[in-house]
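J.: In my numbering, the protein residues as written are 1063 to 1314. For each residue, glycine too, the CB sits at the ideal point set by N, CA and C. Because the structure is a prediction, the values reported are computed rather than measured.
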Amino acid sequence: MVGKKNVPTAQPGCYIQAMQTLMCNEIPPPLASGEVHLWWYPSPAVAPRTRRVYIDALLRISLARYVGTTPQSLRFARETRGRPWLIDAAMPLDFNLSDTDGGTIIAVARDLRIGVDIERLDRQPRVMALAQRYFRPEETAGLSELPSDQAQHAFLNAWTAKESSCKATGTGIYGWLDQWGFARDIGGADPQVTYVPEAAAPLTAWQHRRVSPADGYTAVIAVKGVLGDIKLFASDAAHAVAAWAHRRGQSA
Ligand SMILES: CC(C)(COP(=O)(O)OP(=O)(O)OC[C@H]1O[C@@H](n2cnc3c(N)ncnc32)[C@H](O)[C@@H]1OP(=O)(O)O)[C@@H](O)C(=O)NCCC(=O)NCCS
């Protein structure tokens, strides 16, 4: 387990590298209007068939801290394209989650609608084929000028920026990724948005931040509105939750 560190706040253009580790029953600091709390749960091995139960439990544990209720009593609903939301939150609380090999990130925001996407940096996607299908022509042309290792990084940077944006609006990704445009980025700075879908205008209302909850991962949060501090927490809950999900799966 990582020792406690000062809770960092994000500056534009910076990764959030330090994080505070909270025990399962510790209460996070209050979530002020416009703030974002990110919860990072490094995954233990979770069997695919129990993964949904595991992620649902992580989400409930994360959100119950803010609602002041038990995880099991939280109630959720879905928008038409599947974006989940919390019924009965005492304050305007929004959340979004992203799951990948080795970890789950849950973003919690107050007075903001938020999207998050995380990817492993060692993923080796078929960059040009995917870009031709899902990216804007100028983005694809920009990628084609790069050597393959740089193109891979630039692709993952763009993908996380686009997918987090689609998750903030709730449209889903198919048919929408190319309606979001971002400046080419090889290194992993905060995404610079160049196009937004008409329904998401104006472009200037959007803010994107790149965060790195652990070595080898890159994530983006996308919000429309005035973004305050971003705080990143890691929790020790994942192993206990995984064991619980495994037992539940065996007794089902
Ligand atoms: C959900 C989606 C945006 C991202 O999926 P992904 O990259 O596989 O997965 P991630 O781990 O990053 O995110 C998954 C989580 O995002 C959330 N999510 C699901 N749909 C969402 C949406 N439309 N917008 C925002 N978030 C969504 C959920 O919490 C989901 O977790 P769950 O599957 O346990 O419920 C993608 O699968 C998608 O575009 N789905 C479209 C669904 C759709 O169009 N449905 C139409 C029904 S008529």
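(1) When you compare each of 1155, 1193, 1265, 1108 to residue 1161 by their alpha carbons, which one comes out closest?
(2) Evaluate contact between the region 1215–1225 and the region 1247–1258, counting only Cβ atoms and requiring at least three cross-stretch pairs below 8 Å.
(3) Going by the C-beta, is residue 1158 closer than 8 Å to any heavy atom of ligand 1?
(4) How is residue 1113 classed by DSSP in three states: helix, strand or coil?
(5) With distances taken from CA atoms, which of 1104, 1100, 1139, 1115 is nearest residue 1309?
(6) Could you tell me if the beta carbon of residue 1146 falls within a distance shorter than 8 Å of some heavy atom in ligand 1?
(7) Ordered along the chain, which non-local residues of its own chain (more than five positions away) have a Cβ less than 8 Å from that of residue 1268?
(8) Put residue 1299 into one of helix, strand or coil per three-state DSSP.
(9) Using a Cβ-Cβ cutoff of less than 7 Å, which residues in the same chain neighbour residue 1276 once the five nearest sequence positions on both sides are dropped?
(10) What does the alpha-carbon distance come out to for the pair residue 1117 and residue 1240?
(11) Keeping to the same chain, check which residues put their C-beta closer than 8 Å to that of residue 1290; ignore five residues upstream and five downstream.
(12) Between the alpha carbons of residue 1304 and residue 1106, how many angstroms are there, rounded?
(13) Give me the DSSP bridge partner(s) of residue 1136.
(14) Is the CB-CB distance between residue 1244 and residue 1219 below 9 Å?
(15) Would you call the region 1223–1238 in contact with the region 1178–1197, where contact means no fewer than 3 C-beta pairs closer than 8 Å?
(16) Is residue 1235 close to ligand 1? I mean its beta-carbon at under 8 Å from any heavy atom of the ligand.
(17) Return the first residue and the last residue of the beta strand (DSSP E) that residue 1197 is part of.
(18) Return the Cβ separation of residue 1133 and residue 1122 in integer angstroms, given the expectation that the two are a contact with Cβ distance under 8 Å.
(19) Roughly how many whole angstroms lie between the Cα atoms of residue 1312 and residue 1306?
(20) Is the closest heavy atom of ligand 1 to the C-beta of residue 1136 under 8 Å?
(21) May I have the straight-line CA-CA distance separating residue 1157 from residue 1201, to the nearest angstrom?
(22) Helix, strand or coil: how does DSSP classify residue 1179 here?
(23) Relative to the C-alpha of residue 1163, which candidate in 1184, 1172, 1150 has its C-alpha closest?
(24) Here's the rule I'm using: 16 or more other beta-carbon atoms within 10 Å means buried, otherwise exposed. How should residue 1128 be labelled?
(25) What are the uninterrupted segments assigned as beta strand (DSSP E) that are 3 or more residues long and contained completely in the region 1142–1179, given in chain order?
T.: Let me spell this out:
(1) 1108
(2) yes
(3) yes
(4) helix
(5) If we check each option's Cα against that of residue 1309, 1115 comes out closest.
(6) yes
(7) Around residue 1268, the same chain offers 1227, 1255, 1258, 1262, 1284, 1285, 1286 as residues with beta carbons nearer than 8 Å, after the five sequence neighbours per side are excluded.
(8) helix
(9) 1102, 1104, 1165
(10) 29 Å
(11) 1094, 1095, 1096, 1097, 1098
(12) 7 Å
(13) DSSP output for residue 1136 lists no bridge partner at all.
(14) yes
(15) yes
(16) yes
(17) Element bounds for residue 1197: n/a, residue is neither H nor E.
(18) Residue 1122 and residue 1133 do touch by the CB rule: their CB atoms are close to 4 Å apart, below 8 Å.
(19) For residue 1312 and residue 1306, the distance between alpha carbons rounds to 10 Å.
(20) no
(21) 29 Å
(22) Note: residue 1179 maps to strand in three-state DSSP.
(23) Answer by Cα proximity: 1184.
(24) Here residue 1128 is buried, its C-beta having at least 16 other C-beta atoms within 10 Å.
(25) Whole beta strand (DSSP E) segments, 3+ residues: 1146–1149, 1155–1162, 1165–1172.
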